[in-house]
Amino acid sequence: MKKIAKYSPELVELARVYQVAPDLPNPLLLDLANELQRLDDVEYCDLLSQAGDSPLDWSASWETTEPPLPANTPTPSFLPFQGYIEAGAGMNVRGAWNRAVNGQNIHVLIRDTGVFPNHEDLAQIRQVSSGTGPDHGTASAGVIMARNNGFGMLGIAFNVNASAYNNTEAGMNEVIRDARPGDIVTMSLGSASGNVSLPMIHDRLRWDQLGRLSASGVVVVIGAGNGGVNLRNPPFQDFGDNGVLLAGACVPATGRRVWFSNYNLRNFVNSWGLDVASCGYGDLFNAGANRSYTAEYRGTSAATPLVAGVLALIQSYARNTYRTVFFNWQMLHIINQTGAREGVPDMIGSRPNAEAALRFVDSLFL
């Protein structure tokens, strides 16, 4: 906490969060929470699952794994499957690469359901905490930082430093401990009300934690959820603007909202929510867990790290060229000014255009 206090008084406030884990049925837990919240010294009491935040894995039921290939089968390049890096329907990532911007000197913190830390395309990823769903987290990590090694995928910001955290409460606390101003935090995780998939900020504690990270200069993007609902209406609980970016999911061919993506709240951006090629799962190529690849990562789970990858490019360019870093609200402004707007009528915001964003950054300083 002393280290955190040096750069963020906002985060110090989270030291006043206490966790109670009684072994009670849900109705009694609700009664206990209501009693605690009536205490004068308690600002809020939130009920969270002990299993951790849920992966936004609308895609999971669609994933199929190919039979394992012989271990000596060479991994080909899957770059032709990565349409999201191209101009037009993608995010014009190549335009940033052509300017030698590939994520240098940026730390991306990926909180998900674990990764395969020895995956051949995720070299030097730091696994801070392991999880129980490493395919999901590996797919999230792959679109951001798959290395430039001539095989497999090529991450949007393939030169970043990346750390992986799990979806438990301990994993959340580790992110708060490790994140620094200018870092990018991405979470393809969510909450729920009944069977409706909702963003994490539906929970008061998550809204508080993520908002304080954002106010501390950490760029935070989370999945908007796959419930297909208008977030201006119940069951979503809106606690106000805490600054974090919400990633909605668009159809690659049209840029319009995918039917399952939540929509209509502040701070929305979007990216592909279907047919996203990345590491993990093994439906595209399967030579074992550490040599597995997918062409079917989906949902706001996929859209979130896609956006995070471009945020890392923008932050890398700002830091290395102009010796500054951008906050969440500045990133949102840049994307709104330069991104593709097909999703705006559907209330999922703009889709980032990496090369146009760098040109806009230049216009701010030149």
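Under this note's numbering, think of the first position of the sequence shown as 577, with each following residue one higher.
Glycine included, every Cβ here is placed at the ideal spot set by N, Cα and C.
As the structure is a computational prediction, the values presented were derived from the model and not from experiment.
- Setting aside the 5 residues that flank it on each side, N737 is surrounded in the same chain by H683, each with a C-beta closer than 6 Å to its C-beta; the list follows chain order.
- Considered as a whole, the region 631–692 harbours 669–673 as its complete alpha helix (DSSP H) runs of no fewer than 4 residues, in chain order.
- If the five residues before and after A829 are omitted, its C-beta is found closer than 8 Å to the C-beta atoms of A665, all from its own chain and listed in chain order.
- Closest in alpha carbon position to Y839, among G803, S739, G707, is G803.
- From the listed residues I911, D922, T897, Q913, the smallest Cα separation to F941 is found for T897.
- Contact between the region 674–689 and the region 651–663 is absent, with fewer than three C-beta pairs closer than 8 Å.
- Within the same chain, Cβ atoms closer than 6 Å to the Cβ of S764 are found at L632, D688, S716, G799, S877, T880, the five residues on either side in sequence being excluded.
- N742 and I732 have their C-alpha atoms some 22 Å from each other.
- Comparing C-alpha distances from R780 to each of L789, M748, Q813, W835 shows the shortest one belongs to Q813.
- By the beta-carbon neighbour count (other beta carbons within 10 angstroms, threshold 16), A597 is exposed.
- Taken through DSSP and simplified to helix, strand or coil, E872 comes out as strand.
- Here I752 has L587, L590, Q785, L789 as same chain residues with Cβ atoms under 7 Å from its own Cβ, once five neighbours each way along the sequence are excluded.
- Within its own chain, the residues whose Cβ lies closer than 8 Å to the Cβ of P710, once the five positions on either side in sequence are excluded, are T689, G690, V691, F692, G856, A865, listed in chain order.
- In the same chain as G766, and ignoring 5 residues on each side of it, the C-beta atoms closer than 7 Å to its own belong to D629, S630, L632, S773, L774, P775, M776, G799, G801, in chain order.
- A residue is called buried when at least 16 other Cβ atoms come within 10 angstroms of its Cβ; D922 meets this threshold and is buried.
- The straight-line gap separating the alpha-carbon atoms of R808 and G816 is approximately 11 Å.
- Within the DSSP bridge table, the entry for M763 names R687, I798 as partners.
- Excluding the 5 residues flanking it on each side, Q913 has same chain C-beta neighbours closer than 7 Å at F936, in chain order.
- Rounded to the nearest whole angstrom, the CA to CA distance from L850 to L612 is 43 Å.
- For Q595, the three-state secondary structure derived from DSSP is coil.
- DSSP places A609 within a helical segment (H, G or I) once states are collapsed to three.
- In the DSSP secondary-structure assignment, W848 is bridged to C826.
- Separation of H695 and S854 (C-alpha to C-alpha, rounded to the nearest whole angstrom) is 12 Å.
- Counting only runs of 4 or more residues that sit fully inside the region 701–758, the alpha helix (DSSP H) segments are 710–721, 745–754, in chain order.
- For R927 against S847, the beta-carbon gap comes to about 6 Å, under 8 Å, which counts as contact.
- Note on geometry: alpha-carbon atoms of R756 and P643 lie some 42 Å from one another.
- In terms of Cα proximity to I701, the closest of V677, R670, N735 is N735.
- In this structure, the beta-carbon distance from A930 to I720 does not fall below 7 Å.
- In terms of Cβ geometry, M667 and V795 do not form a close pair [threshold 7 Å].
- G726 counts as exposed, since fewer than 16 other beta carbons sit within 10 angstroms of its beta carbon.
- Under the three-state reduction of DSSP output, P775 falls in the strand class.
- DSSP places F861 within a strand segment (E or B) once states are collapsed to three.
- Close CB contacts of D759 within its chain, under the 8 Å cut and outside five residues either way in sequence, are with I682, H683, V684, L685, V794, V795 (chain order).
- Sixteen is the threshold: since fewer than 16 other Cβ atoms of the shown chains lie within 10 Å of the Cβ of W835, the residue is exposed.
- Counting along the chain, N904 sits inside the alpha helix (DSSP H) bounded by residues 904–914.
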